[in-house]
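Here is the structure we will look at.
In our numbering, the protein residues as written are 72 to 235.
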């Protein structure tokens, strides 16, 4: 037999006959952009727009931002594809910004021989977050060159869950 744990008439944890444990209200989300963002502005932090929630267990993701429902350690992951990159800027940063700190990937596109058709970035972190802290994905393009990078919709994701 399976074992269920309830609180206020809602199932909070299930242990099935194989020993697998599921928690249907445990915070977890996966979001993707529903439309691309063209010509990312220079010299400003641009928030990546995530219009499609693949899932949002706990309803903690809205308006491109995850809000921690409880204090804990959250595994946050970002995969971001930029198309039409320019080699002129001295640097380009992408990452996850939480209320406590930045977690970013940075490159110097000037070392490349030509403008890449696309470039994919990944950032994964176990982040400390207090209840009501927020997290979102950003792009920062240093001011130089041409305003041309675009955020691709098919290969861009933001996900996370409460780890402990």
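Note that CB positions come from ideal geometry on N, CA and C, so glycine has one too.
Non-local beta-carbon contacts of residue 126 in its own chain, meaning distances under 8 Å to residues more than five positions away in sequence, involve 99, 100 and 101 in chain order.
If you keep only unbroken beta strand (DSSP E) runs of at least 3 residues inside the segment 97-125, you get 99-103 and 116-118. Beta-bridge analysis with DSSP links residue 231 to 100 and 147. When the beta-carbon positions are compared, residue 111 and residue 210 come within less than 9 Å of each other. By the criterion of a C-beta distance shorter than 6 Å, residue 92 is surrounded in its chain by 86, once the five residues flanking it on both sides are discounted.
Here residue 231 is actually not in contact with residue 153; their C-beta atoms are around 21 Å apart, not less than 8 Å. The residues 179, 181, 213 and 215, in chain order, have a CB closer than 7 Å to that of residue 161 in the same chain once the five nearest residues on each side in sequence are set aside. Here DSSP, grouped into helix, strand and coil, assigns residue 92 to strand.
For residue 198, the enclosing beta strand (DSSP E) starts and ends at 189-200.
Judged by DSSP in its simplified three-state form, residue 182 adopts helix. If the five residues before and after residue 174 are omitted, its C-beta is found closer than 6 Å to the C-beta atoms of 166, 167, 194 and 196, all from its own chain and listed in chain order.
For residue 120, the closest alpha carbon among the candidates 234, 222 and 88 is that of 222. For residue 77, the enclosing beta strand (DSSP E) has its first and last residue at 74-78.
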